[in-house]
Amino acid sequence: MAFNNRNGNGGFQREMVKGEWKCSKCGAAITELPFKPDPARLDQLLCRDCHRERRMSRGDYR
Ligand SMILES: [Zn+2]
Numbered sequence: 247m248a249f250n251n252r253n254g255n256g257g258f259q260r261e262m263v264k265g266e267w268k269c270s271k272c273g274a275a276i277t278e279l280p281f282k283p284d285p286a287r288l289d290q291l292l293c294r295d296c297h298r299e300r301r302m303s304r305g306d307y308r
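The numbering used here puts the first residue of the sequence shown at 247, with every later residue one more than the last.
The following block contains the structure:
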């Protein structure tokens, strides 16, 4: 089949959700997230830095 449907990595775009949230750890403003936040967990949001830090220090992948 001649479908030229390769999954090129050239311009892949993650859908970002815009909003106004606050990091529960450092208090930084969060203006966009790569996922739609759970309204029940809005006070547990982490900014990108804190999120990465937590992942690195705990080593769990979720
Ligand atoms: Zn933070």
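Ideal Cβ positions, reconstructed from N, Cα and C, are used throughout, including at glycine.
- Following the DSSP letters along the chain, one finds Glu266 inside the beta strand (DSSP E) bounded by residues Val263 to Lys268.
- As a beta-bridge residue in DSSP terms, Glu278 pairs with Lys264.
- Relative to ligand 1, Leu279 has its C-beta separated by 7 Å or more from all heavy atoms.
- Beyond the five residues adjoining it in sequence on each side, Met262 comes within less than 8 Å, by CB distance, of Glu278, Leu279 and Pro280 in the same chain, given in chain order.
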